[in-house]
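Beneath this line is the structure, given in structure tokens, with notes to follow.
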Amino acid sequence: MYTFSNRLRIGSFIAMALGAIFLVIGFVSAPSTVEEAKAMVAVHDEGHGGGHAEAAAESHGEEQGHGAQASQEEGHDVSHDTHLLHQLQNRPWSALYVAAFFFFMIALGVLAFYAIQRAAQAGWSPLLFRVMEGITGYLVPGGIIVFVILLLSALHFNHLFVWMDPETVAHDELLQGKAGYLNPTFFLIRAAIFLGGWIFYREYSRKLSLAQDESDDNSNFVKNFRWSAAFLVFYLVTESMMSWDWIMSVDPHWFSTLFGWYVFASMFVSGITVIAMVTIYLKSKGYLENVNDSHVHDLAKFMFGISIFWTYLWFSQFMLIWYADIPEEVTYYIARFQDYKLPFFGMLVMNFVFPLLVLMNSDYKRVNWFVVMAGIVVLLGHYLDIFNMIMPATVGDQWYIGLPEIGGILFFGGLFVFWVFTTLTKAPLQPKRNPFIEESRHFHY
Amino acid sequence: MASKVIQALYNDDDVLMHAVKKVRAEHHHIEEVYTPFPVHGLDKAMGLAGTRIAITSFMYGCLGLTVAVVMMNYIMIEDWPQDIGGKPSFSYLQNMPAFVPIMFELTVFFAAHLMVITFYLRSRMWPFKKAENPDKRTTDDHFLMEIGVHDNEKELADLLWETGAVEVKVTEKES
């Protein structure tokens with residue numbers, strides 16, 4: 001049995017407390033009136049040499065070139081200022097949402113990986129099942145938090161999802177056309193169904209997995225196999241819809257048909273990375289004595305392979321839109337190229353170039369500390385990936401990685417560590433009666 | 001120069017693996033093992049050095065990538081610039097996304113083909129070459145282990161019979 005080390009527990013509490021303070025500061029310092037918002041941006045610009053405001057005004061003028069007449073200019077200025085206010089008000093909410101979703105997505109990615117291992121009846125991985133079950137334990141609190149944030153959005157506590165605002169929809173024919181699907185009630189019902197299904201599978205599979213330890217036949221194992229196969233079907237459909245609902249709909253005019261796969265690749269690689277990191281951590285503390293370098297090697301191979309897979313999907317999405325150059329599609333990337341240069345290209349380096357070069361060598365994938373270091377970069381890269389998916393639509397060019405963003409990572413990171421390692425203490429780390437446990441113990445390459 | 005070798009035939013890969021481990025434990029140098037199919041773990045049991053084919057693969061991949069970049073730059077930018085989809089080909093960098101699939105394919109193509117050719121050459125296999133395996137049965141269902149003899153014929157033969165060989169013979173070998 002694993003006992004939660006005190007240092008790690010205290011560390012997770014400190015991270016949560018610090019993160020909560022940072023988030024509160026972020027919420028308190030968000031402007032509540034248009035004047036405050038303008039003042040904030042003005043101060044910000046002075047601090048940075050003032051060039052930004054002019055450039056922004058210029059580019060805005062170009063975009064809205066048809067509204068150049070003097071009479072419209074005034075109305076445009078007012079709407080621009082309210083827009084700015086909304087962006088600044090959205091910032092702490094977006095930071096909260098990005099971090100909450102990121103850590104939730106790790107647990108969900110691990111759940112998919114776990115279900116694949118179960119459905120494939122993989123022989124190498126049963127030694128890692130308890131680690132995966134520990135990580136998927138976060139699905140319950142993480143899922144509930146994400147749901148609460150979505151609920152608060154639907155109740156107009158924030159403007160993350162513009163299509164939730166009836167005022168906006170009334171002036172937007174495209175959104176009216178989508179209202180049958182994209183309306184707050186149906187949105188929340190779908191979210192509840194997705195989360196309910198995922199959490200149900202996680203809890204039931206965990207129950208069967210623990211029951212298998214005590215039973216004297218393989219019936220629980222076989223049942224788990226069937227449920228996992230069924231779950232994967234459910235998961236692939238719901239994960240795709242979840243990515244449209246929770247992420248793609250922040251840009252309600254824009255759509256991409258492979259967005260579900262793209263988000264899936266991101267969560268899958270993050271999840272596998274966390275499995276590798278938790279496994280290596282537990283092993284360094286003297287647990288999981290039967291896990292050997294070949295298990296870590298296989299996880300690192302997955303980290304490498306899925307990183308390439310993520311890049312493949314990223315590029316497939318990008319190239320079609322770039323080549324076709326249709327205005328309503330290409331705005332998505334123009335916003336990122338103009339205002340998000342550093343996080344956007346930084347993410348490509350961290351998620352593609354870095355793992356490609358660093359994890360290519362077979363020997364390096366067996367060096368534990370090396371895998372952990374590579375994993376940290378990959379995780380930060382995929383945080384940035386989610387950041388780039390949400391922020392351009394919610395805060396626009398007012399983004400910054402400051403207190404609320406770091407606070408979000410610290411708070412949910414702390415909660416994640418606390419919950420995962422608490423779940424790990426609840427059951428022996430090595431499954432006893434899994435029929436493949438011997439194969440897993442002797443796994444080598 | 002002809003050298004004297006002893007050859008032992010086995011008809012099971014598990015027996016062969018144990019035999020290889022035992023012969024090595026007795027500090028005899030195994031010159032070669034001929035098998036009809038790849039035996040998992042045999043290279044480690046024989047103590048062969050790790051393969052360096054991965055390094056060549058990386059270099060060939062880099063070569064393929066370079067060829068693709070140079071080729072597309074010549075064809076699409078320098079020699080005959082075209083305007084495809086409103087994207088005039090004036091600069092390589094601006095048209096680069098369109099060339100990524102070609103860069104990828106040529107990287108894979110060069111890495112794969114040149115790696116296979118390297119593997120054949122390194123294994124001394126080329127067209128019209130006379131087969132090296134001393135016994136036809138190693139292409140069907142037998143495994144053959146070959147050990148150099150240095151005035152210890154009797155001792156080696158006994159050891160090999162003990163490991164479960166189905167046939168042991170001493171021959172001269174051209175090298």
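As given, the protein sequences belong to chains A and B, one line each in that order.
Under full-length UniProt numbering, the first residue of the first sequence is numbered 1, with each subsequent residue one higher.
Under full-length UniProt numbering, the first residue of the second sequence is numbered 1, with each subsequent residue one higher.
We put the beta carbon where it would ideally sit given N, CA and C, even for glycine.
Fair warning: this is a prediction, and the values are worked out from it, not measured in the lab.
Cα-Cα separation between B/Ala19 and B/Val5, rounded to whole angstroms: Taking the first residue of the second sequence as position 1, residue 19 of chain B is located at position 19. Taking the first residue of the second sequence as position 1, residue 5 of chain B is located at position 5. Taking the straight line joining both Cα atoms gives about 17 Å.
Quick one: is A/Ser219 buried, meaning 16 or more other Cβ sit within 10 Å of its Cβ, or exposed? Taking the first residue of the first sequence as position 1, residue 219 of chain A is located at position 219. Exposed: under 16 other Cβ atoms inside 10 Å.
Starting from the C-beta of A/Lys223, find all residues in its chain whose C-beta is less than 8 Å away, skip the five residues before and the five after it, and write them out in chain order. For the purposes of this step, residue 223 of chain A is taken as residue 223 along the first sequence, with counting starting at 1. Excluding residues within five positions, the ones whose Cβ falls inside 8 Å are Leu208.
Using the C-alpha atoms, what's the distance from A/Trp419 back to A/Asn6? Within the first sequence, residue 6 of chain A is the residue found at index 6, counting from 1. Within the first sequence, residue 419 of chain A is the residue found at index 419, counting from 1. The straight-line gap from Cα to Cα measures roughly 14 Å.
Which residues mark the beginning and the end of the alpha helix (DSSP H) in which B/Met59 is found? To locate residue 59 of chain B, count along the second sequence from 1; it is residue 59. Per DSSP, B/Met59 belongs to the alpha helix (DSSP H) from Ile53 to Met72.
Beta carbon proximity, B/Gly64 to chain A, threshold 8 Å: Translated into the one-based positions of the second sequence, residue 64 of chain B becomes position 64. False, the Cβ-Cβ gap to chain A never drops below 8 Å.
Would you please state the rounded distance, in angstroms, between the beta carbons of B/Phe110 and B/Gly64? I believe it to be under 8 Å. Locating residue 110 of chain B in the second sequence gives position 110, counting from the first residue. Locating residue 64 of chain B in the second sequence gives position 64, counting from the first residue. Correct: roughly 3 Å between the Cβ atoms.
Give me the residue from A/Gly413, A/Ile21, A/Thr238 and A/Glu289 with the minimum Cα distance to A/Phe264. Position 264 of the first sequence, counting from 1, holds the residue named residue 264 of chain A. When each option's Cα is compared against that of A/Phe264, the closest is A/Thr238.
Any beta carbon from chain B within less than 8 Å of A/Asp293's own beta carbon? Here residue 293 of chain A refers to the residue found at position 293 when the first sequence is read from its first residue. Cβ-Cβ to chain B under 8 Å: no for A/Asp293.
Around the C-beta of A/Asn351, are 16 or more other C-beta atoms found within 10 angstroms, so that it is buried, or is it exposed? As a first step, residue 351 of chain A must be located in the first sequence, where it is residue number 351. Classification for A/Asn351: buried.
Whose CA, out of B/Met17, B/His29, B/Lys21 and B/Leu93, lies closest to the CA of B/Val149? The residue you call residue 149 of chain B lines up with position 149 of the second sequence. The candidate whose alpha carbon is nearest that of B/Val149 is B/His29.
Tell me which same chain residues have a C-beta within less than 7 Å of the C-beta of A/Tyr445, skipping the five on either side of it? Translated into the one-based positions of the first sequence, residue 445 of chain A becomes position 445. Correct list, in chain order: Ser294 and His297.
What's the gap between the Cα of A/Ala300 and the Cα of A/Pro166? Here residue 300 of chain A refers to the residue found at position 300 of the first sequence. Here residue 166 of chain A refers to the residue found at position 166 of the first sequence. Cα to Cα, A/Ala300 sits roughly 47 Å from A/Pro166.
With distances taken Cα to Cα, identify the nearest neighbour of A/Asn388 among A/Val169, A/Leu88, A/Met1 and A/Val98. Sequence index remark: in the first sequence, residue 388 of chain A carries index 388 (1-based). Taking only the C-alpha atoms, the option nearest A/Asn388 is A/Val98.
Under the three-state DSSP convention, the category A/Ile25 falls into: As a working note, residue 25 of chain A is residue 25 in the first sequence. Correct three-state label for A/Ile25: helix.
Using only the alpha-carbon positions, how far apart do A/Met1 and A/Ala427 sit? The count along the first sequence starts at 1 and reaches residue 1 of chain A at position 1. The count along the first sequence starts at 1 and reaches residue 427 of chain A at position 427. Whole-angstrom Cα-Cα distance: 6 Å.
Would you verify that the beta carbon of residue 193 of chain B is, or is not, closer than 8 Å to some beta carbon of chain A? The question about residue 193 of chain B has no answer, for chain B in this structure spans 1 to 175.
Per the contact definition of three or more C-beta pairs closer than 8 Å, is the stretch 225-232 of chain A in contact with the stretch 246-264 of chain A? no
Who pairs with B/Gln7 in a beta bridge, going by DSSP? If you number the second sequence from 1, residue 7 of chain B lands on position 7. Paired residue(s): B/Glu146 and B/Lys169.
Give the residues of chain B in contact with A/Ser362, contact being defined as C-beta atoms less than 8 Å apart. For this step, residue 362 of chain A is matched to residue 362 along the first sequence. Neighbours of A/Ser362 on chain B, chain order: Ala54.
List the whole-angstrom C-beta distance separating A/Gly408 from A/Ala95, where the pair is believed to meet the contact cut-off of C-beta under 8 Å. On the first sequence, residue 408 of chain A is found 408 positions in, with the first residue counted as 1. On the first sequence, residue 95 of chain A is found 95 positions in, with the first residue counted as 1. Between A/Ala95 and A/Gly408 the Cβ distance is about 5 Å, and since that is below 8 Å, they are a contact.
Skipping 5 residues on each side, what residues in its chain have a beta carbon closer than 8 Å to that of B/Val69? Working through the second sequence from its first residue, we reach residue 69 of chain B at position 69. These residues qualify, in order along the chain: Tyr92, Phe99 and Met103.
Let me check understanding here. Comparing Cα to Cα, which of A/Phe443, A/Leu403 and A/Glu439 lies closest to A/Ala30? The residue given as residue 30 of chain A occupies position 30 in the first sequence. For the residues A/Phe443, A/Leu403 and A/Glu439, the minimum Cα distance to A/Ala30 belongs to A/Leu403.
Could you have a look at A/Tyr287 and say whether DSSP puts it in helix, strand or coil? Stepping through the first sequence from its first residue, residue 287 of chain A is reached at position 287. In this structure, A/Tyr287 counts as coil in the three-state DSSP scheme.
Is the beta carbon of A/Ser270 less than 8 Å from the beta carbon of A/Leu379? For the purposes of this step, residue 270 of chain A is taken as residue 270 along the first sequence, with counting starting at 1. For the purposes of this step, residue 379 of chain A is taken as residue 379 along the first sequence, with counting starting at 1. In this structure, A/Leu379 lies closer than 8 Å to A/Ser270 by Cβ.
Apart from the five residues just before and just after A/Leu127, which ones in its own chain have a Cβ nearer than 6 Å to its Cβ? Here the question's residue 127 of chain A lines up with position 127 in the first sequence. Hits under 6 Å: Asn290, Val291 and Ser440.
I'd like to check one pair, B/Ala165 with B/Met9: are the Cβ atoms closer than 8 Å? In the second sequence, residue 9 of chain B corresponds to position 9, counting from 1. In the second sequence, residue 165 of chain B corresponds to position 165, counting from 1. According to the sequence provided, residue 9 of chain B is Leu. The question's Met does not apply to it. Cβ atoms of B/Leu9 and B/Ala165: closer than 8 Å.
Would you please verify whether the beta carbon of A/Asp325 is less than 8 Å from any beta carbon of chain B? Indexing the first sequence from 1 puts residue 325 of chain A at position 325. Answer yes: the Cβ-Cβ gap between A/Asp325 and chain B drops below 8 Å somewhere.
I'd like to know whether the C-beta of A/Trp314 is nearer than 8 Å to at least one C-beta of chain B. As a first step, residue 314 of chain A is located in the first sequence; it is residue number 314 there, counting from the start. Judged by the 8 Å Cβ criterion, A/Trp314 is not in contact with chain B.
If you draw a straight line from the C-alpha of A/Phe113 to the C-alpha of A/Phe268, how long is it? Counting from one through the first sequence, the residue named residue 113 of chain A turns up at place 113. Counting from one through the first sequence, the residue named residue 268 of chain A turns up at place 268. Distance between the alpha carbons of A/Phe113 and A/Phe268 is about 7 Å.
Can you tell me which residues form a DSSP beta bridge with B/Glu32? Locating residue 32 of chain B in the second sequence gives position 32, counting from the first residue. DSSP lists B/Glu146 as partners of B/Glu32.
Using a beta-carbon distance cut-off of less than 7 Å, what residues from the stretch 81-113 of chain B approach chain A? Gly85, Gly86, Pro97, Ala98 and Val100
With a threshold of 8 Å between beta carbons, is A/Phe318 in contact with chain B? Taking the first residue of the first sequence as position 1, residue 318 of chain A is located at position 318. By this cut-off, A/Phe318 is an interface position.
Would A/Val353 and A/Ala374 be called neighbours here (beta carbons separated by less than 8 Å)? The residue given as residue 353 of chain A occupies position 353 in the first sequence. The residue given as residue 374 of chain A occupies position 374 in the first sequence. Not a contact, by the Cβ cut-off of 8 Å.
Establish whether the CB of A/Trp227 and some CB of chain B are separated by less than 8 Å. One-based indexing of the first sequence puts residue 227 of chain A at position 227. By this cut-off, A/Trp227 is not an interface position.
Can you round the beta-carbon distance between A/Met132 and A/Phe411 to whole angstroms, since I take them to be within the 8 Å contact cut? Position 132 of the first sequence, counting from 1, holds the residue named residue 132 of chain A. Position 411 of the first sequence, counting from 1, holds the residue named residue 411 of chain A. Not quite, the Cβ-Cβ distance comes to about 24 Å (not below 8 Å), so this is no contact.
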